[in-house]
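Heads up: the structure comes next, in structure tokens.
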Amino acid sequence: MLTIVISAIYGIWAIFAPGSIMSTYGTPEEFVNPVSLNIVMLFGVSAWVVAILGWHIMATVNEENI
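Residue numbering for the sequence shown follows the UniProt record's numbering, starting at 1 and increasing by one per position.
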């Protein structure tokens, strides 16, 4: 459950505020450009995919089908 929550939070943060993530990580200003911001946004989308996949697995797996 913790992975799902962290992936969802990080995904939202990366999609909607990639510049904030890069400044939090201490990226120098000369490396912040549209390409690097798009890469961070893609990592945010992949974090959302991990969260959705984890939620689906958690909802469908139970004691009977292990």
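For each residue, glycine too, the CB sits at the ideal point set by N, CA and C.
Where the alpha helix (DSSP H) containing residue i begins and where it ends
i: Met22; result: 18 to 24
C-alpha gap between residue i and residue j, whole angstroms
i: Met41; j: Ile15; result: 5 Å
i: Ile6; j: Pro28; result: 26 Å
i: Ala47; j: Pro18; result: 13 Å
i: Trp55; j: Gly11; result: 14 Å
i: Val35; j: Glu63; result: 45 Å
i: Val50; j: Ile4; result: 7 Å
i: Ile21; j: Asn65; result: 40 Å
Coarse secondary structure for residue i, derived from DSSP in three states
i: Val32; result: coil
i: Asn38; result: helix
i: Met58; result: helix
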